[in-house]
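Asker: If you're matching positions, the sequence shown starts at 1 in the UniProt record's numbering and goes up one per residue. For every residue, glycine included, the Cβ atom is placed at its ideal position computed from N, Cα and C. Let me begin by handing over the structure; questions about it come next.
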Amino acid sequence: MRTYDELVREADTVSVDGWDFSWLDGRATEERPSWGYARLLGERMAKARAALDIQTGGGEILAGLPALPPVTVATESWPPNLRLAASRLRPRGAWVVADDEEPRLPFADAAFDLVTSRHPVETWWAEIARVLAPGGSYLSQQVGPWSVAELTEYFLGPFDGGHRDPARAREAASSAGLEVVDLRSERLRMEFRDIGAVIYFLRKVIWIVPGFTVSRFAGKLRALHERISAEGPFVAHSARFLIEARKPDGEIGSPAAG
Numbered sequence: 001m002r003t004y005d006e007l008v009r010e011a012d013t014v015s016v017d018g019w020d021f022s023w024l025d026g027r028a029t030e031e032r033p034s035w036g037y038a039r040l041l042g043e044r045m046a047k048a049r050a051a052l053d054i055q056t057g058g059g060e061i062l063a064g065l066p067a068l069p070p071v072t073v074a075t076e077s078w079p080p081n082l083r084l085a086a087s088r089l090r091p092r093g094a095w096v097v098a099d100d101e102e103p104r105l106p107f108a109d110a111a112f113d114l115v116t117s118r119h120p121v122e123t124w125w126a127e128i129a130r131v132l133a134p135g136g137s138y139l140s141q142q143v144g145p146w147s148v149a150e151l152t153e154y155f156l157g158p159f160d161g162g163h164r165d166p167a168r169a170r171e172a173a174s175s176a177g178l179e180v181v182d183l184r185s186e187r188l189r190m191e192f193r194d195i196g197a198v199i200y201f202l203r204k205v206i207w208i209v210p211g212f213t214v215s216r217f218a219g220k221l222r223a224l225h226e227r228i229s230a231e232g233p234f235v236a237h238s239a240r241f242l243i244e245a246r247k248p249d250g251e252i253g254s255p256a257a258g
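Following this line, the structure appears as structure tokens:
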């Protein structure tokens, strides 16, 4: 059995660039949503003329699709992810655009008949409505309320994690002039089987424990290591929701876009 110090050293130095979690294989598990986002995305992309993927990460999801539209654009803000996305997507004929995490999207009105995003930090509904062509759709899998709250509360104590409510997303989409045609949510079991998996996850998914570092939480990490060693995996639950919204035919721009 590997020691605590060995597990910590490895997990604290391995690269966390991109949005590939294969490093956790055998060390952590997470149930997948029943709707199959990658499958749905592939179906929508195969029918689209021009598509935009917002906050694409390292481009992993798009790069794994069997077909991309004739015009495919992906945006990303973090430089290490930009490089990964470009290396994966440019050979597929897609454009990768550096963009910050604030609106306005650097695209013309009604430029895309499909806009997508997986786990966006924030959804810019008015901008999405603006760049969608009439009859176009937005498809997104998002993080739901109190996702992985067990891990957050272990390190930080009670918190208000309810701001990612799917009902709020529906209201925001409607306010931007979009019609929500699908909205589903699920809670999914997660298991962390060693302390290295916890550290890697928190370094990569930085909003679960904001400001996380090994040195800052050394005492709690060691205590959690001892707990996992004695009792088995640390169990948490992620929250995910799927939302699909359509822009009505004949509508250019969005009332909320100004």
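From the DSSP output, in three-state form, read off Arg-118 for me.
Answerer: Here the question's residue 118 lines up with position 118 in the sequence shown. Three-state DSSP puts Arg-118 in a strand.
Asker: How about Ala-236 and Val-143: are their beta carbons less than 8 angstroms apart?
Answerer: Taking the first residue of the sequence shown as position 1, residue 236 is located at position 236. Taking the first residue of the sequence shown as position 1, residue 143 is located at position 143. No; because the gap between Cβ atoms is not below 8 angstroms, this pair is not in contact.
Asker: Looking at C-beta atoms only, is the number of pairs between the segment 33-53 and the segment 110-122 that lie closer than 8 angstroms three or more?
Answerer: Enough Cβ pairs lie closer than 8 angstroms, so yes.
Asker: Which residue comes first and which comes last in the beta strand (DSSP E) that contains Gly-135?
Answerer: Here residue 135 is taken as the residue at index 135 of the sequence shown, counted from 1. Here the beta strand (DSSP E) through Gly-135 covers 132-143.
Asker: When the Cα of residue 262 is compared with those of Gly-58, Leu-156 and Pro-69, which residue comes out closest?
Answerer: The shown model of the chain, from 1 to 258, leaves out residue 262, and the question about it has no answer.
Asker: For the beta strand (DSSP E) that contains Arg-243, what are its first and last residues?
Answerer: Within the sequence shown, residue 243 is the residue found at index 243, counting from 1. One point to set straight first is that residue 243 is Ile, not Arg, in the sequence displayed. Segment 234-246, the beta strand (DSSP E) holding Ile-243.
Asker: With DSSP run on the structure shown, which of helix, strand or coil describes Gly-191?
Answerer: What you label residue 191 is simply residue 191 of the sequence shown in a count that begins at 1. Checking the sequence shown, residue 191 turns out to be Glu, not Gly. Correct three-state label for Glu-191: strand.
Asker: Which full runs of the beta strand (DSSP E) of 3+ residues lie inside the segment 144-216, going along the chain?
Answerer: Counting whole runs of 3 or more residues, the segment 144-216 contains the beta strand (DSSP E) stretches 179-192.
Asker: Out of Phe-234, Arg-216 and Arg-118, which one is the CA nearest neighbour of Leu-224?
Answerer: Residue mapping note: residue 224 aligns to position 224 of the sequence shown, counting from 1. Looking at the Cα atoms, Phe-234 is the closest of the given residues.
Asker: Whole angstroms are fine: how far does the CA of Leu-139 sit from the CA of Ile-119?
Answerer: Counting from 1 along the sequence shown, the entry for residue 119 is found at position 119. Counting from 1 along the sequence shown, the entry for residue 139 is found at position 139. Note that residue 119 corresponds to His in the displayed sequence, not to Ile. The straight-line gap from Cα to Cα measures roughly 11 angstroms.
Asker: How is the beta strand (DSSP E) around Val-14 delimited, first residue to last?
Answerer: Locating residue 14 in the sequence shown gives position 14, counting from the first residue. From DSSP, Val-14 is part of no beta strand (DSSP E); its letter is neither H nor E.
Asker: Where Ile-228 and Ile-195 are concerned, what is the direct C-alpha to C-alpha distance, given to the nearest angstrom?
Answerer: For this step, residue 228 is matched to residue 228 along the sequence shown. For this step, residue 195 is matched to residue 195 along the sequence shown. Whole-angstrom Cα-Cα distance: 8 angstroms.
Asker: Suppose the cutoff is 8 angstroms on Cβ atoms and the five residues either side in sequence are ignored; what does the same chain contact list for Leu-221 look like?
Answerer: Here the question's residue 221 lines up with position 221 in the sequence shown. Cβ neighbours of Leu-221 beyond the five flanking positions: Val-8, Ile-195, Val-198, Ile-199 and Val-214.
Asker: What three-state label does DSSP hand Trp-23 in the structure shown?
Answerer: Locating residue 23 in the sequence shown gives position 23, where the first residue counts as 1. Helix, per DSSP.
Asker: Comparing C-alpha positions only, which one of Arg-27, Thr-56 and Gly-211 sits nearest to Arg-88?
Answerer: The sequence position of residue 88 within the sequence shown is 88, counting from 1. Among Arg-27, Thr-56 and Gly-211, the Cα nearest to that of Arg-88 belongs to Thr-56.
Asker: Please return the same chain residues whose Cβ sits closer than 8 angstroms to the Cβ of Thr-152, not counting the five positions on each side in sequence.
Answerer: In the sequence shown, counting from the first residue as 1, residue 152 sits at position 152. Result list for Thr-152: Phe-159, Gly-161, Ile-208 and Val-209, in chain order.
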